[in-house]
Structure formats: structure tokens, C-alpha cells
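What follows is a single structure, written as C-alpha cells, with notes after it.
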Amino acid sequence: MASPVIFIMRLIHFIGFLGLALFPFRAITQSVESAWMRNMDTITETLIISDGYYMKAVYTTKDHQFIKASGGIMKVLPAELEMEVEFDSEQAEEVGNMHLISYQVADKKLRITHHEKVETWDFIDDGKPGLLQGAWLFSGRRNNPEDTISPYTPGVRKTMKILSGTRFQWAAFNTETKAFLGTGGGTYTSQNDQYVENIDFFSRDNNRVGASLTFIMDLQKPHWYHSGKSSKGDPIYERWTLRKTFLAP
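Sequential numbering from 1116 applies to the sequence shown in the working numbering.
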């Protein structure tokens, strides 16, 4: 008969093996609040989940022609994603609707199940190395360097920018009229006081795709001051504020 010590060691080993067999995702689970991508032949889809919000974009892989986008509020539950749609470029009637979607995260894959349809997304980043990870709302601008910022309080009309560690997407929308007003996004870098956007898709003008825009960044959380030139070449000085600091959703 095995000694009590050997018996206990064998029991611990067996329990550990059983746990891995029954719960394979538990040991390697990562946060769903990340950036994700799906490449399907001619179509690319990106999904950014950050600070309780999400944005999704779909565009052609080869020439980056914009197809559609959606986004809104997301509550991450242990096994489900609770999503409230705030904009949908293709289905305005979706605005205001709630969806409860099952998900699993493991091996740098996000598996989403909705209406018996399974989607598998590939991991991009977990909020690093960018300094601006989060969901931001446009909250003010000034027209001249010597001017003070004219504040803007977001209401039903919002311009939001969501960033992971390497990707960004912005969208303008109105939750009352359900109007989708535009979106764009791609990759970005942020280092010291410099912020650079590389545009992968732009709903308003596909000719802007491929452009690289450099801005001066002044991060004073919960605010982010952003100056440089727009994709049209116009000078801009904007203030963005972390959305979670506003009382209203």
C-alpha cells in the first residue's frame, strides 16, 4: 500500500489533470477587452473592446473599401457579452437593441456564438503598447492657438474614438435619430508627445486610406489634447475625454 504522502501527491496530480480536462479555457483565459481581427478571403473585420464599449468595422482586404460598421456599450459578463447598439451603418433599426452573446477566450482566440453562428477572432493586442487605450468622446476644440477651448458636452450626438494598444476607430452617430454619420480607423502609435494614425478604412472618402497622420499629443487624463492637421489638411486642436468620466452613457 502506498504511503499517505504518496497517496496525497497522486490525488493532487489527478485533480490537476481533471481540472485541465474539464476546464481547458480556465488556465489560459485572457481578457476579452482587447483588439481582434477576422480575415475571410476578401473581407477584413476588426473589433475593439475597451472600457465597456466596442466598435466593429468591415472592409475589403485588398483595397480597404469600407463596407459597414457598428458599435456601442458592452458589459463583459463571465460567459456572455451584453451589447447595446448605439450605431449601425447598415441597420439603423438595431440602434437601442440589446444582445446577449456567448463567448470564450483562449489561445489568443475569441469565439463568439450568436443565434447558433460561431465566429472566431484572432487576438491583436491587449492594450499595449499604446498610451491611449480606452473609449474617448470629443469634448471641445479651439480654432486658433491663442483661443481657449470651446467645450462640447456630448449628448445624443456623439463622436467617439476607441483605442486598443495598436488600433483605433472613431465614429460619429446620433442615438436619438439613429443616424450613422461616419467612421474611420486603422493602426496607431503613441510615444512621448507624438501620436500617429495610419488609416485602413474611411467611410466618407476611400481616397484617404493609406494616409499617415502625425499629431501632437498632450495626455492629461481624463483629457487628451490633440493637435495637428486633419485628413483634409486643415489645422485642428481638439480635446477628447474618457467616456467613463461622463455621467450619461
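No residue lacks a Cβ here, since even glycine has one placed at the ideal position from N, Cα and C.
None of these values were measured; they are calculated from a predicted model.
Quiz item: Hey, out of 1204, 1340, 1156 and 1272, whose CA is closest to residue 1308's CA?
Solution: Looking up residue 1308 in the sequence shown gives position 193. Closest by alpha carbon: 1340.
Exercise. Compute the distance between the beta-carbons of residue 1246 and residue 1276, then report whether it is under 9 Å.
Key: Here the question's residue 1246 lines up with position 131 in the sequence shown. Here the question's residue 1276 lines up with position 161 in the sequence shown. Result no, Cβ atoms of residue 1246 and residue 1276 do not sit closer than 9 Å.
Quiz item: Out of curiosity, what's the CA-to-CA distance linking residue 1285 and residue 1231?
Solution: On the sequence shown, position 170 is the one that residue 1285 refers to. On the sequence shown, position 116 is the one that residue 1231 refers to. So the two alpha carbons sit approximately 30 Å from each other.
Exercise. Decide if the region 1251-1269 is in contact with the region 1348-1355; the criterion is three or more beta carbon pairs, one per stretch, under 8 Å apart.
Key: yes
Exercise. Apply the 10 Å Cβ neighbour rule to residue 1356 and answer buried if 16 or more other Cβ atoms are within range, or exposed otherwise.
Key: For the purposes of this step, residue 1356 is taken as residue 241 along the sequence shown, with counting starting at 1. With 16 or more other Cβ atoms within 10 Å, it is buried.
Exercise. Output yes or no for whether 9 Å exceeds the beta carbon distance between residue 1316 and residue 1301.
Key: Counting from 1 along the sequence shown, the entry for residue 1316 is found at position 201. Counting from 1 along the sequence shown, the entry for residue 1301 is found at position 186. It is a contact, given that the beta carbons lie within the stated cut-off.
Self-check item: Straight-line gap, residue 1272 to residue 1179 (C-alpha atoms, nearest Å)
Solution: Counting from one through the sequence shown, the residue named residue 1272 turns up at place 157. Counting from one through the sequence shown, the residue named residue 1179 turns up at place 64. So the alpha carbons of these two residues sit roughly 27 Å apart.
Quiz prompt | DSSP bridge partner residues for residue 1255 (one or two, in chain order) | solution = Locating residue 1255 in the sequence shown gives position 140, counting from the first residue. Its beta-bridge partners are 1266 and 1354.
Quiz item: Does the distance from the C-beta atom of residue 1305 to that of residue 1314 stay below 9 Å?
Solution: Reading the sequence shown from its first residue, position 190 is the one you call residue 1305. Reading the sequence shown from its first residue, position 199 is the one you call residue 1314. The answer is no: Cβ separation not under 9 Å.
Self-check item: Exposure label - residue 1299; buried when at least 16 CB within 10 Å
Solution: On the sequence shown, residue 1299 is found 184 positions in, with the first residue counted as 1. When all chains shown are included, residue 1299 counts as buried.
Quiz prompt | Sequence-distant residues of the same chain with beta carbon closer than 6 Å to residue 1205, five excluded per side | solution = Here residue 1205 corresponds to residue number 90 of the sequence shown, with the count starting at 1. Correct list, in chain order: 1183.
Practice problem: Could you tell me the distance, in whole angstroms, from the CA atom of residue 1343 to the CA atom of residue 1333? | Solution: Here the question's residue 1343 lines up with position 228 in the sequence shown. Here the question's residue 1333 lines up with position 218 in the sequence shown. Distance between the alpha carbons of residue 1343 and residue 1333: 12 Å.
Exercise. Would you tell me roughly how many angstroms separate the C-alpha atoms of residue 1297 and residue 1318, rounded to the nearest one?
Key: In the sequence shown, counting from the first residue as 1, residue 1297 sits at position 182. In the sequence shown, counting from the first residue as 1, residue 1318 sits at position 203. Going by C-alpha positions, residue 1297 is about 6 Å away from residue 1318.
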